[in-house]
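The listed protein sequences correspond, in order, to chains R and E.
Each step along the first sequence adds one to the number in my numbering, with nothing skipped, and position 624 is 624.
Each step along the second sequence adds one to the number in my numbering, with nothing skipped, and position 486 is 1174.
Positions of the beta carbon are idealized from the N, C-alpha and C atoms, including for glycine.
Working notes for the structure below.
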Amino acid sequence: MKHAIAAPGLSRPATLVAILATALVTAVLSSACSPESGSRATSADSVEGITEGPGTRGGQWQYLGGDSAHTRYSPAAQIDASNFEELEEAWIWDGASFAAQSGRSTPSYINGKLYTVAGPRRYVVALDPATGELLWSYREPNTARWEYSMRQDYGKGVAYAEVDGRGVIYIVSPAFFLTALDAETGQPLEGFGKPVPVEGFPRTGVVDLLADLGHEYDAYEGLPLEKGYITASSPPIVVNGVIVVGNSAEQGYNQSRIENIPGDILGYDARTGKFLWKFNVLPQPGEFGHDTWENDAWRWTGDISSWAPLSADQDRGIVYVPTNGATMDFYGGFRPGDNLFSTSLIALDARTGERTWHYQLVHHDIWNYDTPTAPVLMDLQIGGETVPAVAQATKQSFVYAFNRVTGEPLWPIEERAVPKSLVPGEKLSETQPFPTRPAPYEMQGLTHDDLVDFTPELRQAAIDNLEEYQIGPLFHPPLHRDNDLGFKAAYWCAGDSGGSNIDGPSAADPESGILYVTSKKGCTSRIIAPGAERDAILEAPTGTTISDYAVLRADGVRGPDDLPLFKPPYSRITAIDMNTGEHLWWIPVGETPAQVLSHPDLEGMDIPDTGTGRLAPMTLTKTLLMYASEASDGTPHLFAVDKRTGESIGKVEVSGQTRYGTMTYVHDGRQYVVLQTGPTLTAVALPE
Amino acid sequence: MKYRSVATTRCSHGLAVVFVAVMILTGAVSLAASPGTENGEWHYLGGDSAHTRYSPADQIDASNFGDLEEAWVWDGASFNAQSGRSTPSYINGKLYTVAGPRRHVVAIDPASGETLWSYREPNTARWEYSMRQDYGKGVAYAEIDGRGVIYIISPAFFLTALDAETGRPLEGFGKPVPIDGFPKTGVVDLLADLGHEYDPYDGISLEKGYITSSSPPIVVNGVIVVGNSAEQGYNQSRVENIPGDILGYDAKTGEFLWKFKVLPGPGEVGHETWENDAWKWTGDISSWAPLSADQERGLVYIPTNGATLDFYGGFRPGDNLFSTSLIALDVKTGKRAWHFQLVHHDIWNYDTPTAPVLLDVNVDGKQVPIVVQVTKQSFAYTFNRETGEPVWPIEERPVPASKIPGERLSETQPFPTRPAPYDNQGLTHDDLIDFTPGLRQAAIEIVSDYAIGPLFNPPLHRDNDEGLKGSLWCPGDIGGVNIDGPPVADPASGILYVTSRKHCSTRVMAPGAERDARIDKPTGTTIADYAVLTGFGVRGPDDLNLFKPPYSRITAIDMNTGEHLWYIPVGETPEIVLNHPQLKDMDIPNTGTGTAAPMVITKNLLMYAADASDGTPHLYAVDKSSGRQLGKVEVPDESSYGMMTYVHDGRQYVILQTGSKLTTMALPE
């Protein structure tokens, strides 16, 4: 009979392993100049008692993107090419008790616990990293503003900081409250925020974010819908003791009216929840960019939300904010001008909330080219110099790359002429920015040469299917239903689910400077009609003034004979050396679907691997690029490829299809990979 | 629905009395005993502290029962819930239950089934060893200084008090536990007050014994009364264990108040029932079934298990008080008010499996406060709950002796003269299946390998002189009433509804060393001369039940008179019987499914869960006074253990404990 009390945290040999691992990784990283290494601790110490934590060092995974650079890279090295195929299921956590569905949250692994959000209520849950057992859960009480949120099950993850030696988990809820929880117990943080006058709310630990936006609101109901709606679909990020809060708007493709509020960025004290600053994403009179709003639209329109996760340079105290377009998608006739800071990348000083620099990726966006993933920070070697960079992957299949301190493009970005809109009242920008490097990683624009051509008949069928649609180059604009050309609509590429998107965040290797982007071919057609037609079918429209035009419904062009309309690959991973901007290699995602492989029209043909057509949730480690996808027969697998060459290292079958992201961590000396398999989390590891 | 107006009047009167008493207590000590089931509440796992599983809710009645539909399903998967062995409590607008092997405490929104908060006890080795993990059964509740508090006992045998609103461990309760992850407050280490050496993480050394819990505590007038569970007696091979002493704690502070010794020491009543010095080293006598309480009288009623180990007690000669007994304790002092041993020197695994039920009845013109204990042996033992006097005579009658070397049984056992047994006792050939002479003959041949006999037919060892395989005794350890079929009672009419099933047991009794060799981590040090090697049960002929129907039943017993009013089979005849080739064209009566019926009783209805002939799970409603079926509705899953009902925001819900889920039925909105 053993009689040993497990000493808290110290009894386990793994602690030593972790310490050694930290030392080792720090040594490796200090030569590689990761934004997470070096002097980070110094600047964090400048805010007394508050630190942001370890990123991915020592097997941790602190941010939803691993580190605050959002690389989804971990130095963990236990799983490698030699043993990858031995991976087996370690545990499954079923989120059913929290009504989890989407899988749209990447857990964080911090100081021996996993943290994530689950279900439409966006419960915060802590899990045992060795068993997947639930440790604690936190639920925000009900509000009408929560009920209305259309981003409920898309929380993506949590934020973390250490405040006076105590771990704190932060989330932004669908109802747009900021909550701080003790990481150990899940209890709302003492001395944080202000009491919320809604039944059931804890006395402490919560900030009502609506209070600091400057609009009239009700604590339970939120903003009046006539004015607008704001919610959240990402956690905040803590930068040098400041919690930076982004936001989400109602989907722009579900709008029929022109009023909304802008998704201003908010800054709070991580210890007290005290409001520090607000950055106006829609510049007010006298503010930079105000002149990009004509027709007085700045007074009443909005969105420009930052629904993708934020990244931060902790050393420099800069937070990087990717934005959405302005209200509304596909028509902007009522808001002439470039509409800063919509569809932009904004760098803010986390201490003051002041703009350090910005770059508008799309002027006057009417393509739903909202910036869909967190920008990735890397330190690169360009022309013999170390350049602190930020790279933004996008739906339009450009990687926009900047010096993240100055905002200078790393390689020239040229304003080039683009087509005009034929939709009455729509005045598009005459030019759009085209990065000259890296080359686009996916199809841009559409010509008949992009269409399926396995056989001449298939190609002709594809051309026929396109007949009713107007096609063209990148930035080909939407076309209204009753146009003079007799087209049904425009069909533009990349469409709103082409290129990069939410469910395929990029990964990057801070040692090599290689960025891994997953993308798919996807074009879009929408039926654009008088706004009143759409308005009539919306149950609770936001705003008061019906737009001249709005999207009535989505439309699409089918490929011939149940085959994709395009040439393969249907989806891919592209490795881009960001030191040079050169593509190194690309691979299709997963394996050719059985539907293509066994297609009667293609019998006897040698079809290359087409990829599945879905994006690849990826995690990068010291030795491997791992991604989740399906084999030809549709069974979900985890794949491993060589980071340098893209060559396949192996695949292992896993129990469910992965959505959004994956992550990895080392707990008690064992490396785990967590797949976000819809309502469950599936952890795989090497046999014990 | 017919109602005797007298009964209805008595009902409201009885409730009013309890309610007034509660109000008085509230005023006196600012610590309110829970009110039970009025206004649609369901405070205790058995509804009220009398454990009637009765609710006065009446929105669902015979006229609309068939309209019931699924309101919500709560899936306990995130907590690894499996067994369904917990009845939620509905208190002040929230549902509370325990879930999964960790016995997470979970608060649930009563309108939507949404999880509100959860609490998990940190890991300990003593939790890992517990064999009662997923059987928490429910929670206890009290109001402390106007704040609701939820109490549970964990598989690791900690008592935890949580703020009902937030799930936060209660401030100023208990003492810090020196284990990583435990909250600073809110927890009492129950091992500290048992008087044995222990380690906070590992618990008691297995050589000495093991103690855990499979029920919540009960709060009576500001005192938390804590029962316990032992390792299953049929999984024991050694004679040592610790006794499952009952503990009392202050509901506000967690301060230890008293311990009642279920195994009396020298100088204590009952000590003489232990020979061979067995009181020094053996134990169990755990109170694993839920406790009931008379809040007015400050009495708690404790049903106990047998002593270590099941099926052989040669090393513990004597009656072994207070094993397999009903004990009434004064909650203020922990002193025994009275007790009654239901089985002397129990070696049948006749552990008392459900909470005793308290009723106020009228016997021969006199109001009598009673407690009735239903059992595996199919007796409803009935006492004046104040004095412990049997309401009807209970006679000591001679019973067979054991042939197992060293086993000295009691020469007599108590036989209640009333009410009549509600299910088979003992076994003769007349109890066997007789649909056809061929089937009957086959059944006779099957049982010919076994020693059969009357009630208290003892186990027989493997290498007996008769050349028999063993003994087949009836009821067996899953016959009569068991955990998953707690009885219900109507406080207005005084009718008790008991669900039971036919089952006999056989066990291969062999030298203890044979069993010991198969146990991974045996409890104790000294191997018993005999122990059970394998179990249990004898198959009937041709995949049919060995017995005559009904295979399981609900019996209504008027506790004013002790008379059986009616009985009905549980659910419907299984298809395997209905379509059996040997029974073709025969008129088979409803046999019942063979499983016990989780029940709930309301102002209008007796509801129970069972399967239809084709195996689809249903909720049934029957007339309380006649047993006539009023309706059935299909439900998504099979129920395990109990069920409950509550009224939230004007809508009545019925919760079925459907394994890993809770399934809630209600009328359409």
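Next on the checklist: Taking 6 Å as the limit between beta carbons, can you name the residues of its chain near D496 of chain R, skipping five residues before and five after?
Outcome noted: Here the set comprises N368 and T524.
Checklist entry - Which of the residues in the stretch 1168-1191 of chain E, read from start to end, lie with their CB under 8 Å from any CB of chain R? => result For the stretch 1168-1191 of chain E, the set of positions with a beta-carbon nearer than 8 Å to some beta-carbon of chain R is empty.
Item to check | Contact set between the stretch 96-116 of chain R and chain E, restricted to residues whose Cβ is under 9 Å from the partner | outcome: So the close ones are A96, S97, F98, A99 and A100.
Item to check | For L266 of chain R, the residue or residues it bridges with in DSSP | outcome: R:V245 and R:K278
Checklist entry - If you measure beta-carbon to beta-carbon, which residues of the stretch 761-773 of chain E are closer than 9 Å to chain R? => result W762, D763, G764, A765, S766, F767, N768 and A769
Next on the checklist: Taking 8 Å as the threshold (beta carbon to beta carbon), is V674 of chain R in contact with chain E?
Outcome noted: no
Checklist entry - Going by DSSP, which residues form a beta bridge with W1026 of chain E? => result E:A1016
Next on the checklist: In this structure, how does DSSP classify S1011 of chain E when only helix, strand and coil are distinguished?
Outcome noted: coil
Next on the checklist: Among the candidates E:T803, E:G1114, E:D749 and E:A880, whose CA atom is the shortest distance from the CA of L847 of chain E?
Outcome noted: In this structure, E:A880 is the residue among E:T803, E:G1114, E:D749 and E:A880 with its C-alpha nearest to the C-alpha of L847 of chain E.
Item to check | Distance between E1077 of chain E and P1057 of chain E (C-alpha atoms, nearest Å) | outcome: 11 Å
Item to check | Closest Cα partner of E630 of chain R within the set R:E591, R:Q595 and R:T664 | outcome: R:E591
Checklist entry - Three-state secondary structure (DSSP) at W298 of chain R? => result Look at W298 of chain R here: in three-state DSSP terms it is helix.
Item to check | Nearest-angstrom Cα separation, counted from L1221 of chain E out to G1315 of chain E | outcome: 42 Å
Checklist entry - Near T327 of chain R, which residues of its chain fall below 7 Å by C-beta distance, leaving aside the five closest residues on each side in sequence? => result G252, Q255, I258, N260, T301, G302 and D303
Next on the checklist: Is it buried or exposed, M618 of chain R, if we count other Cβ atoms within 10 angstroms and call 16 or more buried?
Outcome noted: With 16 or more other Cβ atoms within 10 Å, it is buried.
Next on the checklist: For the pair the stretch 733-751 of chain E and the stretch 1169-1179 of chain E, tell me if three or more CB-CB distances fall below 8 Å.
Outcome noted: yes
Next on the checklist: In chain order, what are the residue ranges of uninterrupted alpha helix (DSSP H) at least 4 long that sit wholly in the stretch 1192-1219 of chain E?
Outcome noted: 1200-1204
Checklist entry - Of the residues that make up the stretch 137-152 of chain R, which ones have a beta carbon closer than 9 Å to any beta carbon in chain E? => result S137, Y138, R139, P141 and N142
Checklist entry - Taking all protein chains shown into account, do 16 or more other C-beta atoms lie within 10 angstroms of the C-beta of F1003 of chain E, making it buried, or fewer, making it exposed? => result buried
Checklist entry - Counting along the chain, where does the alpha helix (DSSP H) carrying L716 of chain R start and finish? => result The question about residue 716 of chain R has no answer, for chain R in this structure spans 1 to 688.
Item to check | Cβ of A683 of chain R within 8 Å of any chain E Cβ | outcome: no
Next on the checklist: I'd like to confirm the pairing. Which residues does DSSP put opposite A981 of chain E in its beta bridges?
Outcome noted: E:V988
Checklist entry - Does DSSP classify P931 of chain E as helix, strand or coil? => result strand
Checklist entry - By DSSP, does A21 of chain R sit in helix, in strand, or in coil? => result Here the model assigns A21 of chain R a pLDDT of 39, short of 50, so the residue's position is not dependable, and the following value carries that caveat. In the structure shown, A21 of chain R sits in a helix (DSSP, three-state: H, G or I).
Item to check | Which listed residue (R:F98, R:P75, R:L127 and R:S68) has its alpha carbon closest to that of W762 of chain E | outcome: R:F98
Next on the checklist: For L127 of chain R and L209 of chain R, which I take to be in contact (beta-carbon distance under 8 Å), what is that distance rounded to the nearest angstrom?
Outcome noted: The pair is not a contact, with the Cβ atoms about 27 Å apart (cut-off 8 Å).
Next on the checklist: Check whether chain E comes within 8 Å of L189 of chain R, counting only Cβ atoms and requiring the distance to be less than that.
Outcome noted: no
Next on the checklist: Please list the terminal residues of the continuous alpha helix (DSSP H) segment that includes A462 of chain R.
Outcome noted: A462 of chain R -> alpha helix (DSSP H) spans P456 to N465.
Checklist entry - CB-CB under 7 Å to D182 of chain R, same chain, minus the five flanking residues each way: which ones, in chain order? => result R166, V168 and L189
Item to check | 8 Å CB neighbourhood of E1357 of chain E in its chain, flanking five on each side removed | outcome: R1339
Checklist entry - Using DSSP with H/G/I as helix, E/B as strand and the rest coil, what is F84 of chain R? => result helix
Checklist entry - Is it right to say D822 of chain E is buried, meaning 16 or more other beta carbons lie within 10 angstroms of its own, or is it exposed? => result buried
Checklist entry - Can you check whether the CB of D998 of chain E is closer than 8 Å to the CB of Q1029 of chain E? => result Taking a C-beta distance under 8 Å as the contact criterion, Q1029 of chain E and D998 of chain E do not qualify as a contact pair.
Next on the checklist: Can you find the residues in the same chain that come closer than 8 Å, C-beta to C-beta, to G953 of chain E, ignoring five residues on each side of it along the sequence?
Outcome noted: Once the five neighbours on either side are set aside, the close Cβ partners of G953 of chain E are H959 and W967.
Item to check | the stretch 402-410 of chain R in contact with the stretch 381-393 of chain R per 3-pair CB rule at 8 Å | outcome: yes
Item to check | Presumed contact (8 Å Cβ cut-off) between P120 of chain R and D80 of chain R, rounded CB distance | outcome: The pair is not a contact, with the Cβ atoms about 39 Å apart (cut-off 8 Å).
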